[in-house]
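Residue numbers (my numbering): 83 to 718.
As structure tokens, this is what we get:
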């Protein structure tokens, strides 16, 4: 027997080392990672993701997870204000939740109850937060948003500072150079010179066309030829004479048609230029209007003043609505609209198969936060506020869940003197179109250094005030309907002007307007809304300046009209004279020659007709003579 046959195989026990050892190493590595590194990496990932979503830096002070407890806790969350990176818009003490194992075993994160505690607003940061740059390629792709379009609309329509313009107008400053406008800069004058040049070019073209028309000598020859036809002689001679006359008439007809077609072309050209010359009056009015604008004489109706004073404020609120809508739509994509649907291919009857539907209505979505309680209690020190509220049904699949996201919050922030905060927001993404309904209000909050006008001539604004605000709105798809109501009380005005009249008017307005009411409405398409603003401050300023500014407007209009009339009047007279001369040069002779041809044609046709009648009588006479001879011959 050999050694190999003598050696017995070792019997394996219940523990397989070759499997247990690798699994143990893997489990230890995973355990160490989740115990030591996972929370740090998750916190880093959340900070990056939330920063990108917020558009400004978000810091998470600490984060702790428990695998066996299926729990999650993070605290000291600071959300940087994107407009002022030195402060936090909101700072949260902690967020806690525990996931259901029922959901985790299905690969879903379902949170039955969460808590958001210790809420603070407008807290200072130790250092300025990072602001995420806006991606310009996406902006170019999707176009400017509502805020940018609204800002552009306000800036374009109400560019400048209205009170500064009033000061310049009343002082006469800035108007000295307004009338130093050369005539060539006026649209009406440019158009008149353009038409004058065009008429000179057109005159050469008309001369060539006019030269192709039959000359008066040709018409005279045709007339003389018709006169020379006597329609006398025997039958064959008369027939030849008639044929000659008919041929001449055909020649006259051809020339008449030539005059008609050429005359029609000339008439069309003259009608066109006549219309353009009359259109100069419209350009004159536009020039007058432009000059009045250049003189910066503001139109002091109450609505225009309200738009100029508060347009930026309303724009900020519209921008806020757009930003939050864009943020949630980025992470909760909605169903494509009808215009975005791809065309469906209708299957042939034989090609139909069984339809399989995956997922069940009301089943767990991939992520579902059923309810989050919001709670905070103010303290004597610090920025904590008294806040109570709930957040419900935030999910990754709201359409399948069939429940809207609802946020209800009420609170006060005594440290910042922000009281009576309330928000009720519903975002329904379960239908074909998203529907957002929101009501937000702040009962009282301080306003400092709010400037309406800041120019060397006029400084006007609110040094201090206590304000309240209420916003109610609804967005269905891309249709917006939003109302805003604001009130400013306990106002300490800032009034300063080097113009005594303006200073007195604004001080009077400030004394009479102890409460400012600001109402605004935005409706229509979300990206091009119609904006209306009304304010009693606009009414008061309008009334204070109206009489003086009406006089300035009238004076400016008279000056502008005189300037345009002086610059354009002579040019217009010159153009009109040139046009009338050309019209008389061509249309008169064309019409005269055509009428002469028509006259000769009629003469020829009359002669032919008389010849026919004369021939008929001659035939009748000869026939009667023959008949009489026959009667005599046969003695009838």
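We put the beta carbon where it would ideally sit given N, CA and C, even for glycine. Please read all numbers here as calculations on a predicted model, not as lab measurements.
- In this structure residue 211 is buried. Its beta-carbon is surrounded by 16 or more other beta-carbon atoms within 10 angstroms.
- As a beta-bridge residue in DSSP terms, residue 144 pairs with 157.
- Inter-residue distance for residue 682 and residue 274 is about 43 Å (C-alpha atoms, whole angstroms).
- Under the three-state reduction of DSSP output, residue 187 falls in the coil class, being neither helix nor strand.
- No residue range can be given for residue 118, since it is assigned to no beta strand (DSSP E) and is classified by DSSP as neither H nor E.
- For residue 601 against residue 616, the beta-carbon gap comes to about 5 Å, under 8 Å, which counts as contact.
- The beta carbon of residue 358 is closer than 7 Å to those of 277 in its chain, skipping five residues each way along the sequence.
- Here DSSP, grouped into helix, strand and coil, assigns residue 367 to helix.
- In the structure shown, the three-state DSSP call for residue 208 is coil.
- Look at the beta carbons and you see the region 574 to 584 not touching the region 490 to 506: under three pairs across the two are nearer than 8 Å.
- Looking only at 546, 287, 271, 479, the smallest Cα-Cα distance to residue 513 is reached by 479.
- Put simply, the backbone Cα of residue 179 is about 8 Å away from that of residue 194.
- Within the same chain, 185, 188, 190, 192 come within 7 Å of residue 446 by CB-CB distance, once the 5 residues on both sides are set aside.
- Between residue 549 and residue 531, the C-beta spacing is not below 8 Å.
- Counting C-beta atoms within 10 angstroms of its own C-beta, residue 111 has fewer than 16 neighbours from the protein chains shown and is therefore classed as exposed.
- In the structure shown, the three-state DSSP call for residue 595 is coil.
- Assigned with DSSP and collapsed to three states, residue 575 falls in strand.
- Within the same chain, 269 come within 7 Å of residue 368 by CB-CB distance, once the 5 residues on both sides are set aside.
- By the Cβ neighbour-count rule, residue 676 is buried, with 16 or more other Cβ atoms within 10 Å of its own.
- Excluding its 5 nearest sequence neighbours in each direction, residue 200 has C-beta neighbours in its own chain below 7 Å: 174, 175, 176, 458, 466, listed in chain order.
- DSSP places residue 214 in the coil class of the three-state scheme, outside both helix and strand.
- Scanning the region 495 to 539 from its first residue to its last, the whole beta strand (DSSP E) runs of 3-plus residues come out as 500 to 510, 517 to 536.
- Residue 566 is bridged by DSSP to 553, 602.
- With respect to the 8 Å criterion, residue 562 and residue 605 are classified as neighbours on the basis of their beta carbons.
- The DSSP-derived three-state label of residue 541 is strand.
- Separation of the CB atoms of residue 171 and residue 161 is rounded to 5 Å, and the pair is thereby assigned contact status at 8 Å.
- Per DSSP, the unbroken beta strand (DSSP E) holding residue 454 starts and ends at 449 to 458.
- The straight-line gap separating the alpha-carbon atoms of residue 148 and residue 456 is approximately 22 Å.
- Taking a 10 Å sphere around the C-beta of residue 115, we find fewer than 16 other C-beta atoms and assign the residue as exposed.
- The criterion of a C-beta distance shorter than 8 Å is satisfied by residue 499 and residue 528.
- Within the model, the alpha-carbon separation for residue 348 versus residue 669 is close to 7 Å.
- Shown here for residue 292: same chain residues with a beta carbon closer than 7 Å to its own, the five before and five after excluded, namely 668 in chain order.
- Between the alpha carbons of residue 551 and residue 208 lies a distance of about 30 Å.
- Secondary structure at residue 152: coil, using DSSP grouped into helix, strand and coil.
- Under DSSP, residue 173 shares a beta bridge with 160, 202.
- Excluding the 5 residues flanking it on each side, residue 156 has same chain C-beta neighbours closer than 6 Å at 142, 145, 177, in chain order.
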